[in-house]
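In our numbering, the protein residues as written are 213 to 320.
Just so it is clear, CB atoms sit at the ideal spot from N, CA and C, and this is done for glycine as well.
What follows is a set of notes on a single structure, which appears directly below.
This is the structure we're talking about:
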């Protein structure tokens, strides 16, 4: 059984400008701002050993698969289970992709 996290804004992809980020990621390995909220979700999943969790996010004009893994996390917190994020762009999305991935949770 799949458990789906749905969010308007991406977790692992950095979007927006320096002063107006519209994603959880913010191009800094430290867990800051909205990432604290996402950390709480990852902690709940880990602490309750919830399997089969994926996230569906949007608000960008491309599609992407992002894998977040504690082995790659640079945010000084690795107590979470790997998570796959599927970024869903509009049907006419281009073939370009994200400029930056946020490494706090090991996004790749």
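Status (buried if at least 16 other CB within 10 Å, exposed otherwise) for residue i
{"i": "residue 302", "result": "exposed"}
{"i": "residue 283", "result": "exposed"}
{"i": "residue 256", "result": "exposed"}
Span separating the alpha-carbon of residue i from that of residue j
{"i": "residue 273", "j": "residue 222", "result": "12 Å"}
{"i": "residue 219", "j": "residue 266", "result": "11 Å"}
{"i": "residue 316", "j": "residue 213", "result": "28 Å"}
{"i": "residue 264", "j": "residue 295", "result": "9 Å"}
{"i": "residue 247", "j": "residue 286", "result": "13 Å"}
Those residues which DSSP pairs with residue i across a bridge
{"i": "residue 277", "result": "298"}
{"i": "residue 313", "result": "225"}
{"i": "residue 215", "result": "265"}
Close-in-space but distant-in-sequence residues of the same chain around residue i (CB under 7 Å, 5 per side omitted)
{"i": "residue 275", "result": "299, 300, 301 and 305"}
{"i": "residue 289", "result": "243 and 251"}
Cβ neighbours of residue i in the same chain (closer than 8 Å, five flanking residues each side left out)
{"i": "residue 313", "result": "224, 225, 226, 237, 278, 319 and 320"}
Beta-carbon proximity list for residue i, same chain, < 6 Å, skipping 5 on both sides
{"i": "residue 271", "result": "220 and 221"}
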